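Our numbering numbers the first residue of the sequence shown as 1309 and each following residue consecutively.
Just so it is clear, CB atoms sit at the ideal spot from N, CA and C, and this is done for glycine as well.
In this text, all values refer to a predicted model and were calculated from it rather than measured experimentally.
Each remark here refers to the structure printed beneath this line.
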Amino acid sequence: MDNIINGKVYANQDKSLLLTISKDNLSAYLTIENNSKMLDEKEITALISSVGIKYGFENAKQYNEKNEIKKELGKPFLIARSIAENSQPGITFLFEADSCINFNEHYELEDLSDFIKVEKDQALADVSRGDSKEEGKDIFGKSLKESTGSKINVEEYFGNNVYFSAETNQMLAADAGYPYFDRENRICVKTSFISEDIDNTTKTIYGNTTIDGVISNSNLEIFGDLWVKGNIRDCLSTGIIVHGNVILDYAERAKISASGEITINKSARNSLIYANGAIKAADNCSISGGVIQSGIELQLFSVGSPLGILTEVEIGIKPFTKQQIKIIGHKLNTLRRKSEADEESAIVSLVDQLKSLQTEFSEISENPINQESLTITIKEKVYPNSEIRILKDKIEFTEEKHSIEISVGETGLVINEVDKI
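If you want it as structure tokens, here you go:
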């Protein structure tokens, strides 16, 4: 849909018809309000004639037919379009404005499913810089001379969490979230949300999310950062997938995967925790039971339990990416078994995601890890029946160790004592 933000709006006497002219006079849209009044063609024609539109009706008709655009009550419908429209400076948004959230409204997470959402670096609009030279007419029949190279001021059109790419001539989202237009009609992306407890839920969330409570019995995929002020518990199916960083206080019987870093403030028990980035635990934080795996570094306080619960601490190759490959592969196999025609587009999408993940994972063979930089630091204590692994090398602890750092040596893993901080 063309940019009609800041365009001129004309109406009939009772405002049942709205005629919007784009700022550059290259397109016109008619909105028929949803009311009980019967409108005839003469009233519509009279409004169009009074504004002075003379050109572009056939172009608009062809455009609507080609794109299968139907007239709907209450929504702008293209009625005139200049052939030189794409050669002039302007913004073409890649979504319907009606599908955006309202910046004046407060939304709970469950309310957001009906609105358009975007991922980080997703294109929001195409920008025509006005560099091309093409003659034509505007919708008033006025001749358009060759462009003199006038440039659009892109900064006037975007606000929070949006940036411009000169390489692609597009406006893109700086973070995942939900697009909206602010008071100055600039396109923005809302990227931060706060929610209370989440229980027994499967959902996808876009934007940096703060949970001021507990996540339980749920499967979440979050495009953004996650901060959980309470406990993540009993989430062992798909679990919590975060395309960003995670900060949490407690994890208990939970699977948590992050493309960035994970910080644990209190404890993690019998959980599966994977991060492509570093994993860090605060002072007095205990890690017991389950598997905790980072792609580069672990800084922990206490590992294992006096009860001898098996606890595995590891540095592996892109743990988050590996988990994503498993999840996408499982989804793909499930859809393929259904063999339903309406699943074809979903299958294509999953195949593309899987190829991208596999490419990311295989890049490690082209850029080998510097093993000397991989370290696991445990500031306080390691209990018996704890296993420490860095890539292929592993140490099984049969007795307590205090304040150690594990790294890769020439013949395997090396344990060094470190001073308590």
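Practice task
Apply the 10 Å Cβ neighbour rule to Ser1451 and answer buried if 16 or more other Cβ atoms are within range, or exposed otherwise.
Solution key: Within the sequence shown, residue 1451 is the residue found at index 143, counting from 1. Under this definition Ser1451 is an exposed residue.
Problem - Host beta strand (DSSP E) of Glu1560 (start-end) - result: For this step, residue 1560 is matched to residue 252 along the sequence shown. Unbroken beta strand (DSSP E) run through Glu1560: 1554-1566.
Exercise for the section: Could you tell me the distance, in whole angstroms, from the CA atom of Tyr1318 to the CA atom of Asp1446? Expected result: For the purposes of this step, residue 1318 is taken as the residue at position 10 of the sequence shown. For the purposes of this step, residue 1446 is taken as the residue at position 138 of the sequence shown. Straight-line spacing of the CA atoms in Tyr1318 and Asp1446 works out to 18 Å.
Problem - Residue of Thr1400, Ile1340, Lys1425, Ile1714 minimising C-alpha distance to Ser1407 - result: Counting from one through the sequence shown, the residue named residue 1407 turns up at place 99. It is Lys1425 whose Cα lies nearest to the Cα of Ser1407.
Problem - Euclidean distance between Cα positions of Glu1632 and Gln1666 - result: Translated into the one-based positions of the sequence shown, residue 1632 becomes position 324. Translated into the one-based positions of the sequence shown, residue 1666 becomes position 358. The question names Glu, yet the displayed sequence has Gln at residue 1632. Each residue's Cα considered, the two are about 10 Å apart.
Practice task
Take every Cβ of the stretch 1669-1689, pair it with every Cβ of the stretch 1705-1714, and state whether three or more of those distances are shorter than 8 Å.
Solution key: Touching, yes, given that three or more Cβ pairs across the two stretches are closer than 8 Å.
Handout entry: Pair within 8 Å by beta-carbon distance, Asp1588 and Glu1560
Key = Looking up residue 1588 in the sequence shown gives position 280. Looking up residue 1560 in the sequence shown gives position 252. The amino acid at residue 1588 is misidentified as Asp; the sequence shows Lys. Result no, Cβ atoms of Lys1588 and Glu1560 do not sit closer than 8 Å.
Problem - Assigned exposure category for Asp1439 - 16 Cβ within 10 Å defines buried - result: Here the question's residue 1439 lines up with position 131 in the sequence shown. Reliability of the predicted coordinates at Asp1439 is poor, the pLDDT of 49 falling under 50, and the value obtained from them is presented with this limitation in mind. Asp1439 comes out exposed.
Practice task
Per DSSP, which residues does Cys1543 bridge with? Please list them.
Solution key: In the sequence shown, residue 1543 corresponds to position 235, counting from 1. Its beta-bridge partners are Ala1562.
Exercise for the section: Note down, in chain order, each residue of its chain lying with its Cβ closer than 6 Å to the Cβ of Ile1723, except the 5 sequence neighbours on either side. Expected result: As a working mapping, residue 1723 is identified with position 415 in the sequence shown. Cβ neighbours of Ile1723 beyond the five flanking positions: Ile1712, Ile1714.
Handout entry: Rounded straight-line distance, which links the Cα of Tyr1486 to that of Phe1423
Key = To locate residue 1423, count along the sequence shown from 1; it is residue 115. To locate residue 1486, count along the sequence shown from 1; it is residue 178. So the two alpha carbons sit approximately 7 Å from each other.
Handout entry: Chain-order list of residues whose beta-carbon lies under 8 Å from that of Phe1472 (same chain, five-residue window excluded)
Key = Here the question's residue 1472 lines up with position 164 in the sequence shown. The beta carbon of Phe1472 sits closer than 8 Å to the beta carbons of Val1435, Val1462, Glu1463, Phe1466, Gln1478, Met1479, Leu1480 from its chain, once the five residues preceding and following it are set aside; these are given in chain order.
Problem - Span separating the alpha-carbon of Leu1402 from that of Asn1516 - result: Start at 1 with the first residue of the sequence shown, and residue 1402 comes out as number 94. Start at 1 with the first residue of the sequence shown, and residue 1516 comes out as number 208. Straight-line Cα distance between these residues: approximately 23 Å.
Exercise for the section: Inspect the CB distances between the stretch 1593-1608 and the stretch 1566-1582 and report whether three or more fall short of 8 Å. Expected result: yes
Exercise for the section: Assign Asp1406 to one of three DSSP states: helix, strand, or coil. Expected result: Counting from one through the sequence shown, the residue named residue 1406 turns up at place 98. Looking at Asp1406 - three-state DSSP - the assignment turns out to be helix.
Exercise for the section: Determine the DSSP secondary structure at Glu1708, reduced to helix, strand or coil. Expected result: As a first step, residue 1708 is located in the sequence shown; it is residue number 400 there, counting from the start. Of the three classes helix, strand and coil, the one that applies to Glu1708 here is coil, per DSSP.
Exercise for the section: Can you check DSSP and say which residues form a bridge with Ala1735? Expected result: What the structure shows of the chain is the stretch from 1309 to 1729, and residue 1735 is not part of that stretch, so it cannot be assessed.
Exercise for the section: Confirm, please, whether the CB-CB distance from Thr1339 to Leu1355 is below 8 Å. Expected result: For the purposes of this step, residue 1355 is taken as residue 47 along the sequence shown, with counting starting at 1. For the purposes of this step, residue 1339 is taken as residue 31 along the sequence shown, with counting starting at 1. No, Cβ-Cβ distance for Leu1355 and Thr1339 is not below 8 Å.
Exercise for the section: Give a yes or no on whether the C-beta atoms belonging to Glu1335 and Ala1388 are separated by under 8 Å. Expected result: Position 27 of the sequence shown, counted from the first residue, corresponds to residue 1335. Position 80 of the sequence shown, counted from the first residue, corresponds to residue 1388. Just to set this straight, residue 1335 is Ser in the shown sequence, not Glu. Yes; because the gap between Cβ atoms is below 8 Å, this pair is in contact.
Exercise for the section: Use the C-beta contact count for Ile1672: other C-beta atoms within 10 angstroms, 16 or more gives buried, fewer gives exposed. Expected result: Counting from one through the sequence shown, the residue named residue 1672 turns up at place 364. Exposed: under 16 other Cβ atoms inside 10 Å.
Handout entry: Alpha carbon of Lys1663 to alpha carbon of Ala1654, nearest angstrom
Key = The residue you call residue 1663 lines up with position 355 of the sequence shown. The residue you call residue 1654 lines up with position 346 of the sequence shown. Near 14 Å, if we compare the C-alpha coordinates of Ala1654 and Lys1663.
Practice task
Kindly indicate which three-state DSSP category Ser1602 falls into: helix, strand or coil?
Solution key: Here residue 1602 is taken as the residue at index 294 of the sequence shown, counted from 1. Looking at Ser1602 - three-state DSSP - the assignment turns out to be strand.
Exercise for the section: Identify, in the order they occur along the chain, each residue of the same chain with its Cβ nearer than 8 Å to the Cβ of Glu1668, setting aside the five sequence neighbours on each side. Expected result: Position 360 of the sequence shown, counting from 1, holds the residue named residue 1668. Within the same chain, Glu1668 has close Cβ partners Lys1626, Thr1629.
Handout entry: chain D within 8 Å of Lys1316, Cβ atoms only
Key = In the structure shown, chain D cannot be found, because there is only a single protein chain.
Practice task
Look at the alpha carbon of Thr1642 and the alpha carbon of Leu1658, and state the distance between them as a whole number of angstroms.
Solution key: Within the sequence shown, numbered from 1, the residue matching residue 1642 stands at position 334. Within the sequence shown, numbered from 1, the residue matching residue 1658 stands at position 350. Each residue's alpha carbon lies about 11 Å from the other.
Problem - Closest residue to Val1359 among Phe1448, Ser1545, Leu1682 (Cα-Cα distance) - result: Taking the first residue of the sequence shown as position 1, residue 1359 is located at position 51. Ranked by Cα distance from Val1359, the first of Phe1448, Ser1545, Leu1682 is Phe1448.
Problem - Alpha carbon of Ile1540 to alpha carbon of Gly1603, nearest angstrom - result: Here residue 1540 is taken as the residue at index 232 of the sequence shown, counted from 1. Here residue 1603 is taken as the residue at index 295 of the sequence shown, counted from 1. Rounded to whole angstroms, Ile1540 to Gly1603 spans 22 Å at the Cα level.
Practice task
Under the assumption that Ala1307 contacts Leu1386 (Cβ atoms under 8 Å), give the Cβ distance between them as a whole number of angstroms.
Solution key: Beyond the ends of the chain as shown, which are 1309 and 1729, falls residue 1307; an answer cannot be given.
Exercise for the section: Rounded to whole angstroms, what's the CA-CA distance from Asp1419 to Glu1475? Just pull it up for me. Expected result: Counting from 1 along the sequence shown, the entry for residue 1419 is found at position 111. Counting from 1 along the sequence shown, the entry for residue 1475 is found at position 167. Looking at the two C-alpha atoms, the distance is approximately 36 Å.
Practice task
Pull up the distance between the alpha-carbon of Ala1433 and that of Ser1421, whole angstroms please.
Solution key: As a working note, residue 1433 is residue 125 in the sequence shown. As a working note, residue 1421 is residue 113 in the sequence shown. In a straight line, the C-alpha of Ala1433 is about 22 Å away from that of Ser1421.
Exercise for the section: Closer than 6 Å by C-beta to Val1522: which residues in its own chain qualify, once you throw out the five before and the five after it? Chain order, please. Expected result: Here residue 1522 refers to the residue found at position 214 of the sequence shown. The answer, listed in chain order, is Asp1505, Gly1538, Asn1539.
Exercise for the section: State buried or exposed for His1414, treating a residue as buried only when at least 16 other CB atoms are found within 10 Å of its CB. Expected result: Taking the first residue of the sequence shown as position 1, residue 1414 is located at position 106. Its Cβ having fewer than 16 others within 10 Å, His1414 is exposed.
Exercise for the section: Check the C-beta distance from Ile1595 over to Thr1571 and give it rounded, since I have them as a contact under 8 Å. Expected result: To locate residue 1595, count along the sequence shown from 1; it is residue 287. To locate residue 1571, count along the sequence shown from 1; it is residue 263. Contact between Ile1595 and Thr1571 is absent: CB atoms are separated by about 13 Å, not below the 8 Å threshold.
Problem - Lys1374, DSSP secondary structure in three states - result: One-based indexing of the sequence shown puts residue 1374 at position 66. In the structure shown, Lys1374 adopts helical secondary structure according to DSSP, grouped into three states.
Exercise for the section: Work out the CA separation of Ala1484 and Asp1429 for me, nearest whole Å. Expected result: Taking the sequence shown and counting its residues from 1, one reaches residue 1429 at position 121. Taking the sequence shown and counting its residues from 1, one reaches residue 1484 at position 176. Rounded to the nearest angstrom, the two C-alpha atoms are 8 Å apart.
Problem - Beta-bridge partners of Ala1368, as assigned by DSSP - result: Stepping through the sequence shown from its first residue, residue 1368 is reached at position 60. In DSSP, Ala1368 forms no bridge with anything.
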